[in-house]
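K.L.:
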Amino acid sequence: MTKATLQAATLMVQGTASDVGKSILTAAICRILVQDGWQTAPFKSQNMSLNSYVTFDGKEIGRAQGVQADACGILATTDMNPILLKPKQDMVAQVVVHGVPYSDLDARTYRESYLPQAEVIVKDALGRLRSEYDIVVLEGAGSPAEVNLKDRDIVNMRLAGWADAPVLLVADIDRGGVFASIVGTLEILTPEERNRVKGFIINKFRGDVSLLKPGLDWLEERTGKPVLGVIPYLPQLGIEDEDSASLDSKRVQNKRHEATNGKSADQLDVAVIRLPRLSNFTDFDPLQEEKDVHFRYITHLADWGEPDVVLLPGSKNTMDDLRHLNESGLTERIQAFAKLEKGWVAGICAGYQMLGSKLLDPNGYESHHPELEGLGLLPTETMFTPEKRTVQVQGKSTLFAPHGTELAIDGYEIHMGRTRYLQDMAAPFQIRTAAENGDSDSGWHADGAAVEKGRVWGTYLHGILHNDDFRRAWLNGIREQKGLSPIVGGLRFKERREAAFDRLADHVRSHLDMQRVYEMMDTAKPRKTEVGKG
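Under the working numbering, the residue at position 443 of the sequence shown is numbered 458, and the numbers go up by one with no gaps.
(1) On the DSSP bridge assignment, give the partners of G362 in chain order.
(2) Just to confirm, does K37 get its C-beta within under 8 Å of one of the non-hydrogen atoms of the ligand NAD?
(3) Between the segment 459 to 477 and the segment 501 to 515, do at least 3 Cβ pairs fall closer than 8 Å?
(4) Grab me the residues of H526's own chain with a C-beta within less than 8 Å of its C-beta, minus the 5 sequence neighbours each way, in chain order.
(5) Assuming L337 contacts L374 (C-beta within less than 8 Å), just tell me the rounded distance between them.
(6) Under the three-state reduction of DSSP, which class applies to G199: helix, strand or coil?
(7) Please name the residue in F415, K468, N163 and T31 whose C-alpha comes closest to that of K357.
(8) Which whole-angstrom value is the C-beta distance of I446 and H430, which I expect to be below 8 Å?
(9) Ordered along the chain, which non-local residues of its own chain (more than five positions away) have a Cβ less than 7 Å from that of V78?
(10) Would you say P102 reaches chain D, if we count a Cβ-Cβ gap shorter than 9 Å as a contact?
(11) Would the segment 128 to 144 and the segment 87 to 96 be scored as touching if the rule is three or more Cβ pairs under 8 Å?
(12) May I ask you to report which of helix, strand or coil DSSP gives Q29?
(13) Can you tell me whether DSSP reads E386 as helix, strand or coil?
(14) Tell me, which residues are paired with N62 by DSSP?
(15) Would you call the segment 311 to 324 and the segment 282 to 301 in contact, with 3 or more CB pairs under 8 Å?
(16) Within the same chain, show all residues whose beta-carbon is closer than 6 Å to that of E208, passing over the 5 residues directly before and after it, in chain order.
(17) How far does the alpha helix (DSSP H) with A79 in it extend, from its first residue to its last?
(18) Which runs of the beta strand (DSSP E) at least 3 residues long sit entirely within the segment 372 to 418? Give them in chain order.
(19) Assuming R524 and I203 are in contact, meaning their beta carbons sit under 8 Å apart, how far apart are those beta carbons, in whole angstroms?
(20) Going by DSSP in three states, S67 sits in which element: helix, strand or coil?
(21) Rounded to the nearest angstrom, what separates V35 and V28 at their Cα positions?
(22) Hey, L153 and A133 are a contact pair by Cβ (cut 8 Å); roughly how many whole angstroms apart?
(23) Am I right that A56 and C87 are in contact with their C-beta atoms under 8 Å? What's the rounded C-beta distance?
(24) Out of V212, D189, T205 and L252, state which residue places its alpha-carbon closest to the alpha-carbon of L227.
(25) Are the Cβ atoms of N332 and Q530 separated by less than 9 Å?
(26) When you compare each of E236, L480, L249 and N62 to G222 by their alpha carbons, which one comes out closest?
(27) Quick one, which of W233, L387 and A140 has its alpha-carbon nearest I169's?
(28) I need the straight-line Cα distance from W233 to K59, nearest angstrom please.
(29) Going by the beta-carbon positions, is the gap between A365 and S294 smaller than 9 Å?
(30) Just to confirm my understanding: we take A175, look at its own chain, exclude 5 residues before and 5 after, and list those with CB closer than 6 Å. What are they?
(31) Taking 8 Å as the limit between beta carbons, can you name the residues of its chain near T400, skipping five residues before and five after?
(32) Please determine, among Q496, D517 and G52, the residue with the shortest C-alpha to C-alpha distance to Y533.
(33) Just to confirm, are G391 and G371 a CB contact at a threshold of 9 Å?
(34) Is G30 closer than 9 Å to L283 when the C-beta atoms are compared?
(35) Helix, strand or coil for V35 per DSSP?
(36) Between which two residues does the alpha helix (DSSP H) harbouring Y533 extend?
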């Protein structure tokens, strides 16, 4: 029997605003569908995010779609997020098309000149996914009711029309005004768009749902559409967020936690410098799960406190963020912390570059600053180049490993700079691309730098702290210096993440009418996984 030629069923998750939980709910629905036996893929036509994910073939997409692919148990591809916008300056973003930088465009040029081309790219990518999977779950962006953007929309209602997708409209009750946001959104939509909305999901609910029922009844009577689920707020989710907008809410939660619990005597105070152009903040997610870590962000000098560890994260504009450190007084404070107070400092990607002696950009590939002095904590120098390196890597590290042994590591790189050593030194990491791994000894190259017996180190590897054995060995080294007992075993973050996907799916399934969702998608039609045998 030949495979069915039917395209995949589609379902679209849109929101009344940004940060209402669309990405996490999409991941949950993807996991539920996979648990039910459907080959499922995520899709977001255009994503604006500085939190990137590198695919197996070294391409760059939005982190949310990478996470959703993980929830589906499949390799992420650029078809799942064909256009990625990475804000670079006010009103200017780097446009990444199918994982490769295309151009830096201002908002008006992108909207007026590029969006017509983008339509074709989006439709082709969606078409390929629909030919390969049973169900494609689409995620919208922001709100479909942005009247100034609707005529050239490629990510909300026009996309739903191209995909013939039923739409679930999500609203966040935690921010207030949930009924007004839903009704107001519907009022702005055209009759055709309104008909495409098949039901509502009220997200992040806290309290007794019976007290909400009069409002739910009113909403269904007012709109003629069902509330398909009220999803209670799920604390300590254990799945990374899409973008740094969520850090503000996390910061409030952390302050509440600190006011109630504070830092225990057995915990390490680990602080991340919150750069204005912070990117890939998910590098630090495992630290927030470690029981012996008191994790926080430093935004201003006044936030400094008494850290045991200071981390410099990735950045979309290293030079501008380095200037911010200089102007805010944080540069001098970090230098004193490392040199005079013998504090522990580490940098990832842009943070690694900043820790060096000098950063050079004479051709203006990243900024208008041809040269800046770094923090001078590592004997390195970085030159910015036009080629961006995006690749998944695996490797080994002697840093913090017991004498004569190595720790296995993996991660990914996204950077434009090339860093060289200014003196002879042993690199703390040896890596090669995931595609080169095997029995061969070829492809290995050095990464990173470390001084003061590892007290100050840096690497280009995003995800380095997701390696459980490396992270624990590093933390135990700090504990020993402070006279604290090392912790044996500890957190297995990757295993916990898989369990978190299942926990999320079970939580959403128990509060969402999946039977009606299946009816909306018309999954009664045979798909290729059901008829492709024989």
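By construction, the Cβ of each residue, glycine as well, lies at the ideal position given by its N, Cα and C atoms.
P.N.:
Answer, in terms of the structure:
(1) L327 and G473
(2) Within the structure as shown, the ligand NAD is missing, as the structure has no ligands at all.
(3) no
(4) G244, V245, I246 and P247
(5) The pair is a contact, with the Cβ atoms about 7 Å apart (cut-off 8 Å).
(6) helix
(7) K468
(8) The C-beta separation of I446 from H430 comes to about 13 Å, leaving the pair out of contact by the 8 Å criterion.
(9) Note that residue 78 is Arg in the sequence shown, not Val. So the qualifying residues of the chain are S64, N66, S67, Y68, E255, E257 and T297.
(10) Of the protein chains in the structure, only one exists, and it is not chain D.
(11) yes
(12) The DSSP-derived three-state label of Q29 is strand.
(13) Assigned with DSSP and collapsed to three states, E386 falls in strand.
(14) L99
(15) yes
(16) M172
(17) For A79, the uninterrupted alpha helix (DSSP H) segment begins and ends at R78 to C87.
(18) 373 to 375, 386 to 388 and 395 to 412
(19) In fact, because the Cβ distance is near 31 Å, the residues do not count as touching under 8 Å.
(20) strand
(21) 11 Å
(22) Wrong, their Cβ atoms sit about 15 Å apart, outside the cutoff.
(23) 6 Å
(24) D189
(25) Taking the C-beta atoms as reference points, Q530 is found no nearer than 9 Å to N332.
(26) L249
(27) A140
(28) 32 Å
(29) yes
(30) Counting only Cβ-Cβ distances below 6 Å, and skipping sequence neighbours, we find M27, V182 and R211.
(31) Y380, M431, G432 and R433
(32) G52
(33) For the pair G391 and G371, the CB atoms are nearer than the 9 Å cut-off.
(34) no
(35) coil
(36) M529 to M536
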